[in-house]
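For the sequence shown, UniProt numbering begins at 1 and goes up steadily by one.
All C-beta atoms in this analysis are idealised placements derived from N, C-alpha and C, irrespective of residue type, glycine included.
Inspection log for the structure reproduced underneath, given as structure tokens.
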Amino acid sequence: MAIQRILIVDDSPTERYYLSDILSRSGYTVSVAESGEEALLKIKAEKPELILMDVVMPGANGFQVTRSIARDPELKDVPIIICSSKSQETDRIWALRQGARDYLVKPVDPAELLGKIAALN
Numbered sequence: 001m002a003i004q005r006i007l008i009v010d011d012s013p014t015e016r017y018y019l020s021d022i023l024s025r026s027g028y029t030v031s032v033a034e035s036g037e038e039a040l041l042k043i044k045a046e047k048p049e050l051i052l053m054d055v056v057m058p059g060a061n062g063f064q065v066t067r068s069i070a071r072d073p074e075l076k077d078v079p080i081i082i083c084s085s086k087s088q089e090t091d092r093i094w095a096l097r098q099g100a101r102d103y104l105v106k107p108v109d110p111a112e113l114l115g116k117i118a119a120l121n
């Protein structure tokens, strides 16, 4: 099934706007959450088909939220792409171990992002 509904989880208004703009221009339906806690509520309510997750956020960080999504039987099939300024290989490996499908380093390149989403379809 083609991905249409995408949830962006990021505490930065600038980053949320930037990613929302790229995705909505490409025809995706976008919703946003400012924290991991808000994301968990929105995921259950809106059933997105993809989640773009920041790592460094107040409250639960992106790794913790990714892990709780991956362990939830109802949510575990929703792919997560981590979008983080953390650029170490260990961060990428850790993200994948938590259940993320892919990892992008900010600033996210629009073509790379859209390519990763297309690869999930």
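Pull up the distance between the alpha-carbon of Q4 and that of E46, whole angstroms please.
Within the sequence shown, numbered from 1, the residue matching residue 4 stands at position 4. Within the sequence shown, numbered from 1, the residue matching residue 46 stands at position 46. The straight-line gap from Cα to Cα measures roughly 12 Å.
In whole angstroms, give me the CA-to-CA distance for L52 and S12.
Translated into positions along the sequence shown, residue 52 becomes position 52. Translated into positions along the sequence shown, residue 12 becomes position 12. About 13 Å.
Anyone know if the C-beta pair for I6 and V30 falls short of 7 Å?
Walking along the sequence shown from the start, residue 6 turns up at place 6. Walking along the sequence shown from the start, residue 30 turns up at place 30. For I6 and V30, yes; Cβs fall inside 7 Å.
Please identify the residue among L75, R97, V78, E38 whose C-alpha is closest to the C-alpha of D10.
Looking up residue 10 in the sequence shown gives position 10. Cα-wise, what sits closest to D10 is E38.
Using alpha carbons as the reference points, say which of L41, E74, G27, N61 lies closest to I117.
On the sequence shown, residue 117 is found 117 positions in, with the first residue counted as 1. Nearest option by C-alpha distance: G27.
Within the region 33-100, note down every full beta strand (DSSP E) run reaching 3 residues or more, in order along the chain.
Whole beta strand (DSSP E) segments, 3+ residues: 50-53, 80-84.
Find the nearest neighbour of D72 within the set P58, S20, E89, I43, judged by alpha-carbon distance.
Position 72 of the sequence shown, counted from the start, is the residue given in the question as residue 72. The option with the nearest alpha carbon to D72 is I43.
Given a threshold of 16 other Cβ atoms within 10 Å of its Cβ, counted over all protein chains shown, does Q88 qualify as buried or as exposed?
Sequence index remark: in the sequence shown, residue 88 carries index 88 (1-based). Exposed, since its Cβ has fewer than 16 Cβ neighbours within 10 Å.
Going straight from the alpha carbon of Y18 to that of E112, what length do you get?
The residue given as residue 18 occupies position 18 in the sequence shown. The residue given as residue 112 occupies position 112 in the sequence shown. For Y18 and E112, the distance between alpha carbons rounds to 14 Å.
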